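Working notes for the structure below.
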Amino acid sequence: MRVLNISLDREILNSNSRVSARIAEYGNLVEYLCLVIPYSDDIKVDISDRVKAYGVKATNKVFGFFKIFFFLKRLLEQEAFDVVTVQDPYFFSIFGLYFSRTRKMGFELQIHGLEKFYGIRKIIAGLVIPRAHAIRVVSTRLKNMMINDYGVDEHKISVLPVYVEINAKQEPRTRRQGSPFIFLTVGRLVPIKNIGMQIRAMQRICKLFKDAELWVLGDGPERRSLESLAFRLGLERSVRFLGWQSDVDKYYREVDVFLLTSYSEGWPLVIMEAAKHSLPVIMTDVGSAGELVIDGKSGIVIPVGDQSALETAMIRIIEDYFLAVSYGQALFDSFSSLPTKEMILDAYLANWKRAMNKV
12 MRVLNISLDR
22 EILNSNSRVS
32 ARIAEYGNLV
42 EYLCLVIPYS
52 DDIKVDISDR
62 VKAYGVKATN
72 KVFGFFKIFF
82 FLKRLLEQEA
92 FDVVTVQDPY
102 FFSIFGLYFS
112 RTRKMGFELQ
122 IHGLEKFYGI
132 RKIIAGLVIP
142 RAHAIRVVST
152 RLKNMMINDY
162 GVDEHKISVL
172 PVYVEINAKQ
182 EPRTRRQGSP
192 FIFLTVGRLV
202 PIKNIGMQIR
212 AMQRICKLFK
222 DAELWVLGDG
232 PERRSLESLA
242 FRLGLERSVR
252 FLGWQSDVDK
262 YYREVDVFLL
272 TSYSEGWPLV
282 IMEAAKHSLP
292 VIMTDVGSAG
302 ELVIDGKSGI
312 VIPVGDQSAL
322 ETAMIRIIED
332 YFLAVSYGQA
342 LFDSFSSLPT
352 KEMILDAYLA
362 NWKRAMNKV
């Protein structure tokens, strides 16, 4: 089987990245895997004997869109593929639908989440999603959306969460006497993550618990405004902006609770990382909430945008750390029962075959 993958993940083009290593494993499943990725320059990377990745310069969204289209057109005139798989349910999914029809390929659509789901994006998704031969989603929440909102046949859909390697040995969590109580959030500093709600919640938390801190790992366009918010609220010593970090594991080990307050998520990798470290989680009702993080059993799930509920949950966790530890343990147990890497690889191949056979 020969697979063409239209991806958005630029880390694939970094031959030393974990993503690149994972893609090489996908390539071992098939005869040939070719990836096309919008990038800052035109480059070609041979990931393995079976995997080749092209970065297509697309610094301008409009010109980049057409440049990638014509690159794919030339590529498909030179090489034949059995399946095209697309990570983007919006603009690039049009390429998957078009070339699957004109080149008689199976069409798999990957849906990791639906950000900015309005306007032209919503129209494109409504056009493309029902026409895919196979759909791979990361959560049951997204599967139900595909069925209920787009009328997709349940048999076309496979649910495959993002794989994270499980620690061979679970490390027990203990609190150091006299140390600050630390909340951690990790991610891009963009509006959809709603980090501002965490900072505003810290104003009340710090009045009640002088040693509470919030550590913010990540960078993005909102960083300056979030730093200004923390300063205006008098929290410049309690809210620490640590920027982008290459080694996040040490931070998961040092803190007490993980926070996620996004308006929307697919299957957040950061929750998987927290689970791997038995770190209790407070999160909004998005993504893996209700599946991996079950309210009152393996964490606390709050309504989206509800600052009062967030503050209540944070206070509860600080005052009852034994509860926090039990949530972390239950979350690790749920994480440990997720599909293994081998099971996920087998499911990837099965989904590509499903797409190919639907032509």
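Each step along the sequence shown adds one to the number in our numbering, with nothing skipped, and position 335 is 346.
Even for Gly, the Cβ is constructed at its ideal location relative to N, Cα and C.
Bear in mind that the values here come from a model prediction, so they are computed numbers and not experimental data.
Evaluate contact between the segment 192-209 and the segment 337-344, counting only Cβ atoms and requiring at least three cross-stretch pairs below 8 Å. no
Give the DSSP-derived three-state secondary structure of residue 353 in the structure shown. Residue 353 sits at position 342 when you count from the first residue of the sequence shown. Three-state DSSP puts residue 353 in a helix.
If you measure between the beta carbons of residue 266 and residue 193, is that distance less than 7 Å? Counted from its first residue, the sequence shown places residue 266 at position 255. Counted from its first residue, the sequence shown places residue 193 at position 182. In contact: residue 266 and residue 193 (Cβ atoms closer than 7 Å).
Near residue 306, what residues of its chain come up, given a Cβ to Cβ distance below 7 Å and the 5 sequence neighbours on each side ignored? As a working note, residue 306 is residue 295 in the sequence shown. 312.
For residue 32, count the other beta carbons within 10 Å of its own beta carbon; 16 or more makes it buried, fewer makes it exposed. Which is it? Locating residue 32 in the sequence shown gives position 21, where the first residue counts as 1. So residue 32 counts as exposed.
Is residue 18 near residue 46, with beta carbons less than 7 Å apart? Translated into the one-based positions of the sequence shown, residue 18 becomes position 7. Translated into the one-based positions of the sequence shown, residue 46 becomes position 35. It is a contact, given that the beta carbons lie within the stated cut-off.
Assuming residue 297 contacts residue 342 under a Cβ cut-off of 8 Å, what Cβ separation, rounded to an integer in Å, is found between them? Taking the sequence shown and counting its residues from 1, the one referred to as residue 297 is at position 286. Taking the sequence shown and counting its residues from 1, the one referred to as residue 342 is at position 331. At roughly 16 Å, the Cβ-Cβ gap does not stay under 8 Å, so residue 297 and residue 342 are not in contact.
Using a Cβ distance threshold of 8 Å, determine whether the segment 108-123 contacts the segment 89-98, with at least three qualifying pairs required. yes
DSSP three-state label for residue 299, please. Taking the first residue of the sequence shown as position 1, residue 299 is located at position 288. Correct three-state label for residue 299: coil.
In whole angstroms, give me the CA-to-CA distance for residue 318 and residue 211. Here residue 318 refers to the residue found at position 307 when the sequence shown is read from its first residue. Here residue 211 refers to the residue found at position 200 when the sequence shown is read from its first residue. Cα to Cα, the separation comes out at about 8 Å.
Start and end of the beta strand (DSSP E) containing residue 66? Looking up residue 66 in the sequence shown gives position 55. Run containing residue 66: 62-68, per the beta strand (DSSP E) assignment.
Cβ shell of residue 259 (< 8 Å), same chain only, five flanking positions each side left out: Residue numbering aside, residue 259 sits at position 248 when the sequence shown is read from its first letter. Around residue 259: 197, 228 and 284.
Could you check the C-alpha separation between residue 35 and residue 269 for me, to the nearest Å? Locating residue 35 in the sequence shown gives position 24, where the first residue counts as 1. Locating residue 269 in the sequence shown gives position 258, where the first residue counts as 1. Rounded to whole angstroms, residue 35 to residue 269 spans 31 Å at the Cα level.
Rounded to whole angstroms, what is the Cα-Cα separation between residue 124 and residue 172? Stepping through the sequence shown from its first residue, residue 124 is reached at position 113. Stepping through the sequence shown from its first residue, residue 172 is reached at position 161. So the alpha carbons of these two residues sit roughly 12 Å apart.
Which class does residue 179 belong to by DSSP, given the choice of helix, strand or coil? The residue labelled residue 179 in the question sits at position 168 within the sequence shown. Unreliable placement is indicated for residue 179, whose pLDDT of 47 sits below 50; the coordinate value is still reported in the next sentence. Looking at residue 179 - three-state DSSP - the assignment turns out to be coil, as it is neither helix nor strand.
If you draw a straight line from the alpha carbon of residue 244 to that of residue 234, how long is it in whole angstroms? Counting from 1 along the sequence shown, the entry for residue 244 is found at position 233. Counting from 1 along the sequence shown, the entry for residue 234 is found at position 223. Roughly 15 Å separates the two Cα atoms.
Rounded straight-line distance, which links the Cα of residue 77 to that of residue 143: Locating residue 143 in the sequence shown gives position 132, counting from the first residue. Locating residue 77 in the sequence shown gives position 66, counting from the first residue. Roughly 22 Å between the two C-alpha positions.
Using only CA atoms, which one of 27, 87 and 160 lies nearest to residue 58? For the purposes of this step, residue 58 is taken as residue 47 along the sequence shown, with counting starting at 1. That would be 27, whose Cα lies nearest to the Cα of residue 58.
If you check the beta carbons only, do residue 457 and residue 24 fall under 7 Å apart? In the structure as shown, the chain starts at 12 and stops at 370, and residue 457 therefore has no counterpart that could be examined.
Give the single residue among 255, 213 and 239 whose Cα lies nearest to the Cα of residue 249. Here residue 249 corresponds to residue number 238 of the sequence shown, with the count starting at 1. Among 255, 213 and 239, the Cα nearest to that of residue 249 is on 213.
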